[in-house]
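First to last, the sequence lines map onto chains V, U and D. If you read the first sequence in our numbering, its first letter stands for residue 149, the second for the next number, and so on. If you read the second sequence in our numbering, its first letter stands for residue 1012, the second for the next number, and so on. If you read the third sequence in our numbering, its first letter stands for residue 243, the second for the next number, and so on. Scroll down for the structure; my scribbles are underneath it.
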Amino acid sequence: MTAIARLESTPLLMPEMTRQVGAVDGAEGASAQRGPNGTTGASGADSIGALFSDAIDQANRAEFAATKKVEALSSGAADDLHGTMISVKEADISIRLVGTVRNKILDAFQELWRTSV
Amino acid sequence: MSRPAQVSGVFSAMEIAASGLSAERGRMNVIASNLANARTTRGANGQAYQRLDPVFAARPIAANSFDPVLRSVKEVSLAGVRPDTTPGEMVYDPGHPDANPQGYVQYPNVNVVTEMVNLMTASRAYEAGVTSIESIKAMARAALKIGQ
Amino acid sequence: MRILDSVEHLRAGMDYHLARQNLLTANLAHVDTPGFRPMDLQRAGAFEGALQTALVATQPGHIAQPHAASGEAWRVTQGTSQAGGLDGNGVNVDREAVKIATNQIRYDTLASLVQNELSGLAWAANDGRGA
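Right, here's the structure in full:
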């Protein structure tokens, strides 16, 4: 069971929340992001959602790599002390990053829900 | 670990340092034998004691490892002792029980001062081995701090 | 799924290293015992290719086969290399001391990994906020 799975509190609502938060963020950011050619940046929903799923992918990969190294070290099959420690810390930070992004989306959504009613 | 090291990491370094300590301890034993028998004019073979020199050999620790560093490094082993055939001094002492027909006694070729210097060298080399083990342990502790 | 399943294999590893520390310390204690051969603890996966004599307790109070609480097979092996010295004692003080040091490093590593894993679990249990 990965830490990501443990973190998920409202998995059903996450895509919808992400979309709504991203839409607001995109609307605000589009006016500020007009480049020299007059083009806008990527739409807000994509950027928040993309950021979140990127963070999840990275955390999953980091945790998988760290688990393999830890098993090798603890069973005595490998001798890599610092490599294993760095992998473990990397996975830890990646998971906490997912948690932080999720919390920010949740908080932003709750803010929206309050103001739009 | 109860199996030999397979990469050139903390554990292989400590095994190599341990071989150095072991070799120096063996050298100190040989020197102690020389010092104890510095005036032995008749040994088990009826001859005066001949001083011994330790013979060290380099031994690879993992000749077929995939790690090129571990393939190259060697630990030291005390392969044996070699008697020193340099003749010792002859002292004219006809009353000595071990005197030869001409009245000379053959004393061992042990120079106490030389042996003491060798002993100090071996002792310093042992201390150097202990220092390198301590520094390897410090490196391992530093690696563990990454995870704190 | 129990919370502590994720550190189960780490805990088993720490069990093994602690038991091995006992054996290695006993080797050092017997540095002057005539005829003593140093002992070591092997665990599953390390048996092939090693020459070993399994210890069987023939009298009560003697050392029998140790076993892990998790059921992993451990085996006490005894050194068969030529013993040095007039008394037949085969303990090399320097090598045993280094084994003790490396065993401790491995134990400390596993302890650090357990701490890491559990603090990550605590953070997730706090819903990812704080802790």
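In this text, a Cβ means the ideal position worked out from N, Cα and C, and glycines have one as well.
| Buried versus exposed call for Y1137(U) [16 or more other C-beta atoms within 10 Å across all chains shown] | With 16 or more other Cβ atoms within 10 Å, it is buried.
| field | Inter-residue spacing [alpha-carbon to alpha-carbon] between L265(D) and L252(D) | value | Rounded to the nearest angstrom, the two C-alpha atoms are 20 Å apart.
| message | Going by DSSP in three states, S1088(U) sits in which element: helix, strand or coil? | response | Strand at S1088(U).
| task | Flag this pair as touching only if the region 362-373 of chain D and the region 235-251 of chain V have three or more C-beta atom pairs under 8 Å; answer yes or no. | result | Contact holds: three or more Cβ-Cβ distances are below 8 Å.
| request: Check each residue of the region 319-342 of chain D: if its Cβ is closer than 7 Å to any Cβ of chain U, include it; give the result in chain order. | output: The residues in question are N334, D336, R337 and V340.
| According to DSSP, what are the bridge partners of D369(D)? | Residue pairing by DSSP places D369(D) in no beta bridge whatsoever.
| field | Three-way DSSP call (helix, strand, coil) for V273(D) in this model | value | Coil, per DSSP.
| request: Quick one: which residues of the region 220-238 of chain V get their C-beta closer than 8 Å to a C-beta of chain D? List them in chain order. | output: Within the region 220-238 of chain V, the qualifying residues are L221, S222, S223, G224, A225, L229, T232, M233, V236 and K237.
| the region 353-367 of chain D: positions lying closer than 9 Å to chain V by Cβ | Listed by position along the chain: S354, L355, N358, E359, S361, G362, L363, W365, A366 and A367.
| task | Note down, in chain order, each residue of its chain lying with its Cβ closer than 6 Å to the Cβ of A1090(U), except the 5 sequence neighbours on either side. | result | Take A1090(U), set aside five residues on each side of it, and the residues of its chain with a beta-carbon closer than 6 Å to its own are V1066 and A1068, in chain order.
| L187(D) by DSSP, collapsed to three states: which one? | Past the boundaries of the shown model lies residue 187(D); chain D is included only from 243 to 373, so the question cannot be answered.
| message | Let me check one thing: in DSSP terms, what residues is L1063(U) bridge-paired to? | response | DSSP, once it has assigned bridges, lists P1094(U) as partnering L1063(U).
| request: Counting only the same chain and skipping the five closest in sequence on each side, list residues whose C-beta sits under 7 Å from that of R348(D). | output: Hits under 7 Å: H259.
| Beta carbon of M1039(U) nearer than 9 Å to that of I1144(U) | It is not a contact, given that the beta carbons lie outside the stated cut-off.
| Can you tell which of D205(V), E164(V) and E211(V) has the C-alpha that lies nearest to the C-alpha of S248(D)? | Among D205(V), E164(V) and E211(V), the Cα nearest to that of S248(D) belongs to E211(V).
| Of all Cβ atoms in chain V, is any one closer than 9 Å to the Cβ of I1027(U)? | It does not: the Cβ of I1027(U) has no partner Cβ on chain V nearer than 9 Å.
| request: Could you please give the first and the last residue of the uninterrupted beta strand (DSSP E) stretch that includes T319(D)? | output: Boundaries of the beta strand (DSSP E) harbouring T319(D): W316 to Q320, taken from the DSSP string.
| request: Can you say whether F257(V) is buried or exposed, counting buried as having 16 or more other CB atoms within 10 angstroms of its CB? | output: F257(V) sits buried, since 16 or more C-beta atoms from the chains shown fall within 10 Å of its C-beta.
| request: Output yes if chain D places a C-beta closer than 9 Å to the C-beta of G247(V); else output no. | output: Output row for G247(V): interface = yes.
| message | Against chain D, does N208(V) count as a neighbour if the rule is that its beta carbon must be under 9 Å from one of theirs? | response | Taking a beta-carbon distance threshold of 9 Å, N208(V) does not count as an interface residue toward chain D.
| query | With G370(D) and R250(V) assumed to form a contact (beta carbons below 8 Å), what rounded beta-carbon distance in angstroms separates them? | reply | G370(D) to R250(V), Cβ: 7 Å. Contact.
| Any Cβ of chain D within less than 9 Å of the Cβ of V218(V)? | So yes, V218(V) belongs to the interface.
| Which of helix, strand or coil DSSP assigns to R285(D) | The answer is strand: DSSP assigns R285(D) an E or B state.
| request: Identify, in the order they occur along the chain, each residue of the same chain with its Cβ nearer than 6 Å to the Cβ of R1053(U), setting aside the five sequence neighbours on each side. | output: Within the same chain, R1053(U) has close Cβ partners D1109.
| query | Are the C-beta atoms of R250(V) and some chain D residue less than 9 Å apart? | reply | Judged by the 9 Å Cβ criterion, R250(V) is in contact with chain D.
| Applying the criterion that 16 or more other CB atoms from any shown protein chain within 10 Å of the CB defines a buried residue, is T319(D) buried or exposed? | It counts as buried.
| task | Look at the alpha carbon of S222(V) and the alpha carbon of D282(D), and state the distance between them as a whole number of angstroms. | result | Taking the Cα positions, S222(V) is about 18 Å away from D282(D).
| request: Could you tell me whether the Cβ of A244(V) comes closer than 9 Å to any Cβ of chain D? | output: Checking the sequence, you will find Arg at residue 244(V) rather than Ala. At least one CB of chain D lies nearer than 9 Å to the CB of R244(V).
| query | What are the boundary residues of the beta strand (DSSP E) that Q1117(U) is part of? | reply | Taken as a continuous stretch (DSSP letters only), the beta strand (DSSP E) holding Q1117(U) covers Y1115 to Q1117.
| Taking three-plus beta-carbon pairs below 8 Å as touching, is the region 1111-1119 of chain U in contact with the region 1093-1101 of chain U? | A contact exists between the region 1111-1119 of chain U and the region 1093-1101 of chain U.
| message | Looking at chain U, is there any beta carbon in it that lies within less than 9 Å of the beta carbon of T351(D)? | response | Taking a beta-carbon distance threshold of 9 Å, T351(D) counts as an interface residue toward chain U.
| Along the chain, where does the beta strand (DSSP E) that runs through V1102(U) open and close? | V1102(U): member of the beta strand (DSSP E) spanning M1101 to Y1103, first to last residue.
| query | If you measure from the beta carbon of V1021(U) to each beta carbon in chain V, is any gap under 9 Å? | reply | At least one CB atom of chain V sits nearer than 9 Å to the CB of V1021(U).
| With DSSP run on the structure shown, which of helix, strand or coil describes P1071(U)? | Assigned with DSSP and collapsed to three states, P1071(U) falls in strand.
| task | Could you pull out every residue in the same chain whose Cβ sits closer than 6 Å to the Cβ of G1031(U), ignoring the five residues on either side in sequence? | result | Excluding sequence neighbours, G1031(U) sits near V1087 and G1140.
| task | Tell me, please, whether the region 1120-1136 of chain U touches the region 1041-1055 of chain U by the rule of three or more beta-carbon pairs shorter than 8 Å. | result | Counting Cβ pairs under 8 Å, three or more are found: they touch.
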